[in-house]
Structure formats: C-alpha cells, structure tokens
Amino acid sequence: MKNGFNSAFFLAPLLAALLAIPFRVSAADSIAVFQEFDVTLGYVRGHPNELNSDVKYVASLQIDKDLLLRFGAEWQRFSFENSRDAATPDTLQQANAIVGFDYQLAEQWLMRTEGRPGIYGDSSHFSRRSLNAPVLLGVVYLVDADLQWSFGLRVDVRSQYPVFPVAGVRWKFTDLWTLNLMFPNPRLEYDVNDTLRTYFGAGILAGTYVVGDHFGDDRGRPQLNHATVDYTEVRLGPGLAWKARPNLTLEAEGGYVLYRTWDFFDQNIKPSGHPAPFLNLACHYRF
Numbered sequence: 000m001k002n003g004f005n006s007a008f009f010l011a012p013l014l015a016a017l018l019a020i021p022f023r024v025s026a027a028d029s030i031a032v033f034q035e036f037d038v039t040l041g042y043v044r045g046h047p048n049e050l051n052s053d054v055k056y057v058a059s060l061q062i063d064k065d066l067l068l069r070f071g072a073e074w075q076r077f078s079f080e081n082s083r084d085a086a087t088p089d090t091l092q093q094a095n096a097i098v099g100f101d102y103q104l105a106e107q108w109l110m111r112t113e114g115r116p117g118i119y120g121d122s123s124h125f126s127r128r129s130l131n132a133p134v135l136l137g138v139v140y141l142v143d144a145d146l147q148w149s150f151g152l153r154v155d156v157r158s159q160y161p162v163f164p165v166a167g168v169r170w171k172f173t174d175l176w177t178l179n180l181m182f183p184n185p186r187l188e189y190d191v192n193d194t195l196r197t198y199f200g201a202g203i204l205a206g207t208y209v210v211g212d213h214f215g216d217d218r219g220r221p222q223l224n225h226a227t228v229d230y231t232e233v234r235l236g237p238g239l240a241w242k243a244r245p246n247l248t249l250e251a252e253g254g255y256v257l258y259r260t261w262d263f264f265d266q267n268i269k270p271s272g273h274p275a276p277f278l279n280l281a282c283h284y285r286f
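The opening position of the sequence shown corresponds to residue 0 in numbering that gives the first Met the number 0, with each subsequent residue numbered one higher.
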C-alpha cells in the first residue's frame, strides 16, 4: 500500500500545477466570470497514518443580477497506511464535476444548488456502482453585513443517511471577532490585521464510496466485496489564514483528529481510528 500512499503525495501537486496553467474564458461583455482554485494537503499521524489531498476548480458565470451559474471539477483522495488484514481501505478517492447555480430569491435570501456527479471509489476497480451524484442544497438569510443564517441539505442516495440536514450562523460580533459556525468548518475567528486571521474550530470530512470487487477477499471478509462505505473524520484545533495577495490566501492548521470511522453499514462493520494529531496546508486563489 505504501506505493499508493506515496503516489498521492506527488499526484496532488502535479494536478494542481496543471490546473493552475493560465487560460482565457471567452464570454460576452455582459457576463462576468469569477474563478476559484483551491488546493489542500493534509497528514494525520496515527493508526492508521493518513495522507489526504483535495484539488478543486470552479468558474462562476454571472448571467444577470440574480443568477450565477457554477461549473468546475474536483479531485479528492484519502490514503491510509494499513495492514492487509485491516477492514479499512488503503485508498478512498473521488473525481467529480461540479454543476450548479446561485440565485437571489429576494433581497435578503440567497439559494445555492450544486450537483457533484463523478466516480467515488477506492481506485482498485471501476464499475457502474462507483458512479454517484451527491447534491447540495442551501439557502442563506442575510440579516445584515454582520449576521447571516444558513440552512442546507446534503442528498446522497448511496449513504446510510441519504438526506443530511445542516444549519449554521456567521456572526461578526465585534470588529475583530467572528463566530463562524458554518458547516463543514465551524470556528471562532480573530482578525489580527487586514491580512492575517487566526481561528480555533472543527473540521468535518465525509464521503460515501464503493470499494472494489475483491476488497473483502483480500482481507478475509468476502462480505465486503464491492461494499458501500461512509467515511467520516472530525478534527479540532487552531489555524491561521494569511492573505498573501488580494486574491491569494495561504492557510495552515493543526490539532487532533478526534473521530475517524469507515462505516460499512450494509454489513454492520464499522472500524475506527484512534485520535491522532494532524497538519493541514491549503492555498486559495480567486481571480
């Protein structure tokens, strides 16, 4: 498994470099185009060790004052250093499109709908069962510039919980402090200055995947062949975000992973990882 673990380390920066190649977006003068590019690399030192990578690109086209269309792609991978008899996968990864829109329902109400069709598996075998299309639905109520409420649903028919509701709030209660309880990264933020922000909070990573046809055979658990697994990871710790340029933010955070589970819910098998320290580095570019 070490080969897969190490290859993920090199694949993420390579894909990031390819996506970062400048290109022009052809659009009419009346259509504004906004682009987002995010790269995240993380490491968990525990049982099992974990390397996670995420590369995402989204282009948003403003059709009119109320409608924004969103198109993009994402690649995310979790690699775990396991013994071959462990019930946990060596790799979980997804490669998906991002298709959706933002719409202003009223002066204080915004809506987002986003589909993420793609491949969600363990990289050992591709089949039609690896295809999935989770959907994210959300609305935001803008009370004022300092207070916003959000309500949303994650819909994934493959998951043990096909509809997962969430709610959150962002409240800037002083000039320097913000309570940002937005899923999946609720946190308390402090603005040191115009370019540096520190925070303490949680992070939630989750997804639903289908493992290979011989995943269970390799581990002496044939009932896990081509099984569906819900992966969940909950983190807690401090971090900082530095606005290196007006459109470039660099972020670093560390702390502890409190909870990791691989839930093969159809087979009532749910291995878990021990609490472990983690380090996360990210780059966010807007242009």
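Here a beta-carbon is modelled for each residue, glycine too, at the ideal position from N, C-alpha and C.
All of these numbers come straight from a predicted model, not from anything done at the bench.
- Across the set Asp155, Gly206, Gly200, the C-alpha of Gly200 shows the shortest separation from the C-alpha of Leu257.
- Leu67 sits buried, since 16 or more C-beta atoms from the chains shown fall within 10 Å of its C-beta.
- One Cα belongs to Thr87, the other to Ser123, and the distance between them is close to 14 Å.
- Excluding its 5 nearest sequence neighbours in each direction, Asp121 has C-beta neighbours in its own chain below 8 Å: Pro88, Asp89, Thr90, Leu91, Gln92, Tyr208, Val209, Val210, Gly211, Phe214, listed in chain order.
- Per DSSP, reduced to three states, the secondary structure at Gln266 is helical.
- Rounded to the nearest whole angstrom, the CA to CA distance from Ala226 to Asp265 is 8 Å.
- Here the C-alpha atom of Val162 lies approximately 14 Å from the C-alpha atom of Gly114.
- For Tyr284, the enclosing beta strand (DSSP E) starts and ends at 275-285.
- Closest option to Ala240, judged by alpha-carbon separation, among Tyr189, Ala132, Ser129: Tyr189.
- Looking at the DSSP output, Ile30 sits in no beta bridge, so it has no partner there.
- Three or more beta-carbon pairs separated by less than 8 Å link the region 43-58 to the region 264-280, which places the two stretches in contact.
- Leu195 is classed as exposed because its beta carbon has fewer than 16 other beta carbons within 10 Å across all chains shown.
- In the three-state reduction of the DSSP assignment, Arg127 falls in the helix class.
- Between the alpha carbons of Glu35 and Val54 lies a gap of roughly 11 Å.
- In terms of CA proximity to Leu50, Ser78 leads the group Ser78, Lys64, Ala31, Val32.
- Phe263 counts as buried, since at least 16 other C-beta atoms from the protein chains shown sit within 10 angstroms of its C-beta.
- The C-alpha of Ala132 lies about 35 Å from the C-alpha of Lys171.
- Here the alpha carbons of Pro116 and Arg220 stand approximately 30 Å from one another.
- Straight-line spacing of the CA atoms in Ala166 and Ile30 works out to 32 Å.
- The residues Gly167, Val168, in chain order, have a CB closer than 6 Å to that of Leu180 in the same chain once the five nearest residues on each side in sequence are set aside.
- Rounded to whole angstroms, the separation of the alpha carbons of Asp174 and Asn192 is 11 Å.
- Collapsing the DSSP output to three states places Arg157 in coil.
- Inter-residue distance for Leu141 and Gln222 is about 49 Å (C-alpha atoms, whole angstroms).
- One thing to note: Asn95 has its Cβ within 9 Å of the Cβ of Tyr119.
- In this structure, DSSP gives Asp145 a state outside helix and strand, which the three-state scheme calls coil.
- Note: Met110 is bridge-paired with Tyr102, Val138 in the DSSP secondary-structure output.
- Gly236 places its beta carbon less than 9 Å from that of Tyr255.
- By the CB criterion at 9 Å, Phe33 and Arg285 fall inside the cutoff.
- Here Ile97 really is in contact with Val57; their C-beta atoms are around 6 Å apart, less than 8 Å.
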